[in-house]
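Accompanying notes for the structure given below.
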Amino acid sequence: MTRDRMIAHIRAADAVARDVVTHGHHPFGAVLVGPDDAILMRQGNINTVRHAETELARRAADAYSPEFLRSCTLVSTGEPCAMCTGTLYWANIGRLVYGFEESQLLALTGDHPKNPTMSLSARVVLGSGQKSIEVHGPFPEIEDEVLAAHRDFWRR
């Protein structure tokens with residue numbers, strides 16, 4: 004997957020995030036991209052324990068074989084938390100792409116009670132496993148764009 008395609012998919016995940024905000028959910032979105040570069044699934048955040056990436060990875064694991072998912076990419080607006088990254092790992096999704104780092108989200112939300120972030124990078128979580136998962140992110144050229152929904156949301 005080229006960098007331009009990764010950015011296009013991050014923007015697709017951002018569209019999902021912006022949509023779920025209109026339904027009162029936190030602005031997180033994710034898409035599952037197949038080996039042919041087509042978006043197979045979209046998922047927005049549901050609540051503080053049903054994150055977009057976790058829900059997407061679970062749905063994907065129910066719908067596709069581990070062998071197929073190994074050739075797929077989970078694309079997220081932001082760096083997935085430890086829970087989401089672990090679910091991606093166990094679902095056997097072979098690649099992770101994200102727009103901005105968790106540390107940038109922490110800088111925006113601070114100690115907001117509805118978003119108690121964890122300072123544990125996805126690379127550290129995945130590096131603790133027994134299988135190799137490709138990781139791409141952050142993408143500085145679009146960080147401001149995908150953080151915009153968060154700036155608006157967390158200021159309320």
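The sequence shown begins at 4 in the working numbering and counts up one residue at a time. Heads up, the beta-carbon is just placed ideally off N, CA and C, and yes, glycines get one too. Note that the structure is a prediction, hence the values are computed from the model and not measured.
Three-state secondary structure (DSSP) of residue i
i           : result
residue 52  : coil
residue 123 : coil
residue 67  : coil
residue 84  : coil
residue 131 : coil
residue 17  : helix
residue 9   : helix
residue 27  : coil
residue 114 : coil
Candidates the options: closest to residue i by CA position
i           : options              : result
residue 123 : 16, 86, 27 and 9     : 86
residue 42  : 75, 25 and 52        : 75
residue 72  : 64, 21 and 142       : 64
residue 94  : 158, 32 and 136      : 136
residue 4   : 19, 92 and 100       : 100
residue 104 : 37, 96 and 82        : 82
residue 36  : 57, 158, 45 and 151  : 45
residue 59  : 39, 9, 147 and 34    : 34
residue 80  : 14, 8, 158 and 7     : 14
residue 158 : 61, 127, 134 and 114 : 114
residue 22  : 98, 55 and 8         : 55
residue 106 : 140, 9 and 16        : 140
residue 138 : 128, 149 and 98      : 98
residue 126 : 84, 147, 151 and 108 : 84
residue 108 : 134, 66 and 151      : 151
Those residues which DSSP pairs with residue i across a bridge
i           : result
residue 35  : 44 and 77
residue 139 : 100
Proximity test, Cβ basis, 7 Å: residue i and chain C
i           : result
residue 104 : No chain C is part of this structure, which consists of one protein chain only.
Beta-carbon spacing of residue i, residue j below 7 Å
i           : j           : result
residue 19  : residue 27  : no
residue 24  : residue 142 : no
residue 145 : residue 102 : yes
residue 77  : residue 49  : no
residue 92  : residue 130 : no
residue 30  : residue 153 : yes
residue 17  : residue 149 : yes
Residue i: CB within 6 Å of a non-hydrogen atom of the ligand SAH
i          : result
residue 68 : The ligand SAH is not part of the structure shown, which contains no ligands of any sort.
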